[in-house]
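Only one structure is covered here, and it is reproduced in the block below.
Numbering (the numbering used here), first residue to last: -3 to 300.
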C-alpha cells in the first residue's frame, strides 16, 4: 500500500496508534511521540546565552527558526561523556514552541498501539513531579516516554499555560454542570482543575487516560439515565496511554446516546494533520495547551 494512502487511512480511522522515536542517553532508552518532532540534526555549534537556565546550552538558527538547545542528559541527571560532537539534536514543535533537545543517540521509530503503553507508577516516577508519561515495551527492553511538555515548562515557564489570563474572567458564579476530563499528566490535571474551579465550575471528574474516561461513560450509560445527567462536556488530551483522545472521540461519536456530547480536544500537538484528524472524527473544538483562557471561554460557550 502506498505510504500516502496508508497515512490517509490512519488519519481518518482513529486507530489508537502512535509512532515513538526511541533514543538513548547514557545507555538508557527513552521515547518521544513522533508527532512532536520536526527533524533530527547532527550536533551543531550553539551560541551561549548569559543568565539562561543552566540546562540551556544556547541558541542556534537552523533554517530560519531561532531555537533553544536543551541539554537533556544534564536535565535527566545523566553523565555526558566526551563524545558530544557525536550527539543528535531532536528538533521539536509543540505548544507552539520550537525547541531542540540534545541526546546521545537515536535508535529507531516504532509504531505502537496506545494499549501497549502503561501509565508509570506514581510512587516510582514521581507523581506530579515525574517526567515519565508512559512505559512502552519494545522487544526485550522498556522505553520510557518522557513528558517533554513538563521539561520545557520547567526550563522555560513562559512557554506553558499563562494562568494569569484567568484573572481576566473576574467574578464568577458557581456552576455545577458536570464536566469530564481526560489527561495523563498529573501537572496538567492540577492546572485544569484549578483553572476551571477558579472559573466557577465545581463538578469536575478527572480521568488519567481515554480508557478510564470511556469506561466511566459506559457506566453512566448503563445506569439507564440520560447521559447528560452525568456529563455535559468532555475535555480530552490526545496523547494518553491505553486509549488516546482520538479513539475516545471516535467511540463517543459512534455511540447513539453519547454522540452529541461536546468534546474539546486540548493537546500540545496540534499540527495541521492532527487538527484534520480531529475534525474528521467530529471534535467540537480543538485547542493547543497554552490556550487555557480560550479553553475556559469555550467551556462557557458549551455549558452556559
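Don't be surprised by glycine CBs; every beta carbon is placed ideally from N, CA and C.
Query: Exposure of residue 83, with buried meaning 16 or more beta-carbon neighbours within 10 Å; Result: buried
Query: For residue 284 and residue 153, the rounded distance between their alpha carbons; Result: 16 angstroms
Query: Coarse secondary structure for residue 41, derived from DSSP in three states; Result: coil
Query: Whether residue 175 touches residue 229 by CB criterion (7 angstroms); Result: yes
Query: Cβ distance (whole Å) where residue 142 is taken to contact residue 128 below 8 angstroms; Result: 7 angstroms
Query: Which listed residue (58, 18 and 49) has its alpha carbon closest to that of residue 149; Result: 49
Query: Member of 268, 293, 55 and 243 whose CA lies at the smallest distance from the CA of residue 278; Result: 243
Query: Assigned exposure category for residue 46 - 16 Cβ within 10 Å defines buried; Result: exposed
Query: Residue 122 classed as buried or exposed, judged by whether at least 16 other C-beta atoms fall within 10 angstroms; Result: Unreliable positioning characterises residue 122 in this predicted model, as indicated by a pLDDT of 49, which lies under 50. A coordinate reading is not provided.
Query: Pick from 235, 98, 226 and 263 that is closest to residue 253, judged by C-alpha positions; Result: 226
Query: Cα-Cα separation between residue 255 and residue 231, rounded to whole angstroms; Result: 15 angstroms
Query: Where residue 269 sits in the DSSP three-state scheme; Result: helix
Query: Meets three-Cβ-pair contact criterion under 8 angstroms: the stretch 200 to 213 and the stretch 166 to 184; Result: yes
Query: Range of the contiguous alpha helix (DSSP H) that encloses residue 241; Result: 241 to 249
Query: Where residue 252 sits in the DSSP three-state scheme; Result: coil
Query: Nearest residue (CA-CA) to residue 146, options 166, 182, 165 and 163; Result: 182
Query: Residue 234 beta carbon less than 7 angstroms from that of residue 267; Result: no
Query: Near the ligand FMN: residue 32 beta-carbon under 6 angstroms from a heavy atom; Result: The ligand content of the structure shown is nil, which means the ligand FMN is not present either.
Query: Member of 199, 168, 215 and 100 whose CA lies at the smallest distance from the CA of residue 293; Result: 168
Query: Beta bridge counterpart(s) of residue 85 as assigned by DSSP; Result: 37 and 98
Query: Bridge-paired residues (DSSP) for residue 141; Result: 27 and 130
Query: Burial state of residue 221, where buried means 16 or more other Cβ atoms lie within 10 Å; Result: exposed
Query: Beta strand (DSSP E) runs wholly inside the stretch 162 to 233, at least 3 long, in chain order; Result: 175 to 178, 200 to 203 and 229 to 232
Query: Under the three-state DSSP convention, the category residue 10 falls into; Result: coil
Query: Candidates 184, 165, 36 and 200, of which the one nearest residue 173 by Cα; Result: 200
Query: Among 23, 43, 21 and 17, the one whose alpha carbon lies nearest that of residue 34; Result: 17
Query: For residue 53, three-class secondary structure by DSSP; Result: strand
Query: Per DSSP, the bridge partner or partners of residue 263; Result: 284
Query: Cβ-Cβ distance between residue 258 and residue 289 below 7 angstroms; Result: no
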